[in-house]
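Every letter in the sequence shown is one number past the one before it in my numbering, and letter 106, counting from 1, is 422.
These notes concern the structure reproduced below.
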Amino acid sequence: MTRGLLKNKQFIKRRIKMNKELLIIVIGYSGTGKSAFTSSAISGNYKYSSSKIMIEELEKRQLPINHDTIFNLSKEWYAKDQYWQVPFILKELRDKKLIIVDGLRHTEEVMRLKECGRALVIRIYSNLEN
Numbered sequence: 317m318t319r320g321l322l323k324n325k326q327f328i329k330r331r332i333k334m335n336k337e338l339l340i341i342v343i344g345y346s347g348t349g350k351s352a353f354t355s356s357a358i359s360g361n362y363k364y365s366s367s368k369i370m371i372e373e374l375e376k377r378q379l380p381i382n383h384d385t386i387f388n389l390s391k392e393w394y395a396k397d398q399y400w401q402v403p404f405i406l407k408e409l410r411d412k413k414l415i416i417v418d419g420l421r422h423t424e425e426v427m428r429l430k431e432c433g434r435a436l437v438i439r440i441y442s443n444l445e446n
């Protein structure tokens, strides 16, 4: 583990002990280890999943649940509102005090969440990005 990741993990643990709100946003290209970092950074039910909301909507619409339908629904929702996830993320943050968001796709969402309060943005990268 790199020094920067270790430092971030220590910071996260201190915030948990202090019971202070913290939103962790993990960004990076597909396949760089975002999910691996997320899984190792904290234990417990702190991971925010945007696909959960989309799966619920697809079930209401009686559509199959797969990568394509989730992707198409996200495109539909982003076309209507580029910040559609922000209220859901902030509500979960208020409820849990700590959440980790893995894989936001739009810079605008990350910036909006940073404006809303205490957020730590961690970029995961690898040599595969070259």
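Note that beta-carbon positions come from the ideal geometry of N, C-alpha and C, so glycine has one too.
Distance CB(residue i)-CB(residue j) smaller than 9 Å
{"i": "Leu339", "j": "Ile438", "result": "no"}
{"i": "Glu373", "j": "Tyr399", "result": "no"}
{"i": "Ser351", "j": "Asp418", "result": "yes"}
{"i": "Lys336", "j": "Arg434", "result": "yes"}
{"i": "Lys329", "j": "Ile358", "result": "yes"}
{"i": "Ser367", "j": "Ile386", "result": "yes"}
C-alpha distance - residue i paired with residue j, whole-angstrom precision
{"i": "Tyr362", "j": "Arg421", "result": "19 Å"}
{"i": "Met427", "j": "Gly360", "result": "26 Å"}
{"i": "Leu436", "j": "Gln378", "result": "37 Å"}
{"i": "Lys430", "j": "Ile416", "result": "13 Å"}
{"i": "Tyr441", "j": "Thr354", "result": "14 Å"}
{"i": "Met317", "j": "Glu392", "result": "Note on Met317: pLDDT 47, under 50, position unreliable in the model; no value is reported."}
{"i": "His383", "j": "Lys412", "result": "28 Å"}
{"i": "Cys432", "j": "Gln326", "result": "23 Å"}
{"i": "Pro380", "j": "Asn388", "result": "12 Å"}
{"i": "Tyr394", "j": "Tyr345", "result": "19 Å"}
{"i": "Thr423", "j": "Glu375", "result": "29 Å"}
{"i": "Pro403", "j": "Leu414", "result": "15 Å"}
{"i": "Lys333", "j": "Gly347", "result": "31 Å"}
Option nearest residue i by Cα separation, candidates the options
{"i": "Ile369", "options": "Gln401, Gly344, Leu414 and Ala395", "result": "Gln401"}
{"i": "Tyr364", "options": "Ala395, Arg330, Ile381 and Ile341", "result": "Ile341"}
{"i": "Ser390", "options": "Ile371, Leu414 and Gly347", "result": "Ile371"}
Chain B within 9 Å of residue i, Cβ atoms only
{"i": "Arg439", "result": "Going by chain labels, chain B is absent from the structure shown, which holds only one protein chain."}
Which runs of the beta strand (DSSP E) spanning at least 3 residues fall entirely within the segment 358-418, listed in chain order? Whole beta strand (DSSP E) segments, 3+ residues: 414-418.
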